[in-house]
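Shown next, in structure tokens, is the structure this report addresses.
Number of protein chains: 2
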Amino acid sequence: MGARRGEDVEVVTAPGRLPGNDEPAVRERARAIPEAAVARLAVYLRVLSGLAEQDVTTISSEELSAAAGVNSAKLRKDLSYIGSYGTRGVGYEVEVLVDQIERILGLTRKHSVCVVGIGNLGHALANYAGFPGRGFPVSALFDVDDDLIGVPVGGILVSHVDDIPRVCAEREVSIGVIATPPPAAQGVCDRLVSAGVQCILNFAPVVLQVPDHVEVRKVDLAVEMQILSFHVARRADEAANADESGMVVPG
Amino acid sequence: MGARRGEDVEVVTAPGRLPGNDEPAVRERARAIPEAAVARLAVYLRVLSGLAEQDVTTISSEELSAAAGVNSAKLRKDLSYIGSYGTRGVGYEVEVLVDQIERILGLTRKHSVCVVGIGNLGHALANYAGFPGRGFPVSALFDVDDDLIGVPVGGILVSHVDDIPRVCAEREVSIGVIATPPPAAQGVCDRLVSAGVQCILNFAPVVLQVPDHVEVRKVDLAVEMQILSFHVARRADEAANADESGMVVPG
DNA sequence: CCGACTTTGTGCACACGTTCACAAGCGCTA
DNA sequence: TAGCGCTTGTGAACGTGTGCACAAAGTCGG
């Protein structure tokens, strides 16, 4: 176990009978998993699911880490956050890992998703979102365009954004996906928040302001492109640099 | 942020007096900017562009950081990576910052982009990609479906994936966007790489294997959803925990 | 039953990124 | 020109995440 702050170290033998402290530490553990590790666990899960379908029953950290594109030590540390489910000298049982990762990621429950903004991207998401992580049924779609209201997209009828509070409550939406034009995003976000949605995936290129208890993740195409652009530029500069400094091309 | 390959280690602190190291440090600096800072610079740039359009000429780190949703010290440090363009006691000139960030991000050149896989998502990207970061013209589209070849999407004719090498070379594509089904992604990736594309934005939920000199960023919807799911689960557990431990609801 | 071999789980050290806190620097006013 | 108040730029402390290397713990063959 990694040394945390002085506080939650005594989890070992659970000394003092403090109220609410006798929990199996599984829940405490969940809080301690680094976000980066969570992201990787999701990747491992996908790889493992693929292996399970190919009837692979056991895999070593070395093999799995190669398939997931990470260092094997990191993989083992990531897995250690969720418990000790490997067998030394052997490896991990694929099925066990799948189950445990799904448990930690909360994939044993279904998470109802809504998509707001049924443009090009929203369309794609409505058709796409339910399928890859099989625990995310899209259960509501919203737009402002009157021509779209009531139209079925991917099997779901589009509702008006004004109905977000009612529809989200009815269908117990827990994750909201924003795919609106930038100016509309904050307004939509506010409505989702007041509808009780606690997690938001934002595709609109704006910085959303939300209360502390709401989790926002953003997917920003422009930013991704610009990061790549930065690398292109860096490479070009390096090449120019190497050139100037009289580097000889081998061969 | 999110998971990247464990590779990007060679970004380390510029070591000692190696030959060709005496450059004006602008280029050296570029190498030293942390990836996380680059991502934020792109966000600042967008905010700043918005401000410029509203004829704001000057802004303090405090204001800008609030608009970008970060801490002001972090913002100043991020900006310090690209140089000292602020005036103490006053703030930053919006236009200067815009220019400098664009320079660092390599946005002064146009980066030709191709999209592979013209399904729902590819469609959305073809229409979307050029516009938000104004320096990214989509100049080629590819698919395997014969019915799509030659069809114009967002003003560009779709070519066959087999023509990737030729078309990418002709149109000087520097960034490849993969929006194919998972099984096709690695093959497409290989073709892009052999066509000389050095940066890839991958929307397919697979771990791509590429040579070291190729930069890959991935956007993985399923992973994002699962991270949110994790947070939903964590919250639920916390609530349950608080409940069990006999917490009294105030009021 | 033992010893050799394999692979996990993790303590430790290091690197990276974030935050704090303050000196340095600039403009404004008198 | 000197003094004051404001904001930048950054050294240094801190916390988090990564990677190494090895002990612990299991399997397997003899």
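Protein sequence lines, in the order shown, are assigned to chains A and B. Mapping the first sequence onto UniProt numbering, position 231 (from 1) lands on 231, and the numbers just tick up by one. Mapping the second sequence onto UniProt numbering, position 38 (from 1) lands on 38, and the numbers just tick up by one. Glycine residues also receive a C-beta, built at the ideal position from the N, C-alpha and C atoms. These figures come from a predicted structure and were not determined experimentally.
- Taking 8 Å as the cut-off, the Cβ atoms of R171(A) and A140(A) count as close.
- In the structure shown, L157(B) falls within a strand segment according to DSSP collapsed to helix, strand and coil.
- Counting along the chain, the unbroken alpha helix (DSSP H) around E95(B) starts and ends at V94 to I104.
- Distance check between K110(B) and each of A239(A), A240(A), E238(A) and F230(A) places F230(A) closest, using alpha-carbon atoms only.
- Within the region 154 to 166 of chain B, not one residue has a Cβ closer than 7 Å to any Cβ of chain A.
- By the CB criterion at 8 Å, Y92(B) and G86(B) fall inside the cutoff.
- In this structure, V113(B) sits away from I156(B), with a CB-CB distance that is not shorter than 8 Å.
- Taken in chain order, the unbroken stretches of alpha helix (DSSP H) that lie wholly in the region 46 to 83 of chain A and span 4 residues or more are 61 to 68 and 72 to 82.
- Remark: C-beta atoms of T58(A) and V98(A) do not approach each other more closely than 8 Å.
- For V177(A), the enclosing beta strand (DSSP E) starts and ends at V173 to I178.
- Note that the C-beta distance between V158(A) and F142(A) is below 8 Å.
- Within its own chain, the residues whose Cβ lies closer than 7 Å to the Cβ of S60(A), once the five positions on either side in sequence are excluded, are G91, listed in chain order.
- Between the C-alpha atoms of G187(A) and D212(B) there is a straight-line separation of about 43 Å.
- Beta-bridge analysis with DSSP links F142(A) to V116(A) and S159(A).
- The contact set of N127(A) on chain B, defined by CB atoms closer than 8 Å, consists of N120 in chain order.
- Across the set S72(A), Y81(A) and V56(A), the C-alpha of Y81(A) shows the shortest separation from the C-alpha of I33(A).
- Listed along chain B, the residues sitting closer than 7 Å to I227(A) by beta-carbon distance are V38, A39, A42 and R217.
- At a cut-off of 8 Å between C-beta atoms, V98(B) does not count as an interface residue with respect to chain A.
- Contact note: A52(A) does not reach chain B at a C-beta cutoff of 8 Å; the least C-beta distance is about 16 Å.
- Put simply, the CB of E224(A) is near chain B, with a gap under 8 Å to one of its CB atoms.
- Assigned with DSSP and collapsed to three states, R217(A) falls in strand.
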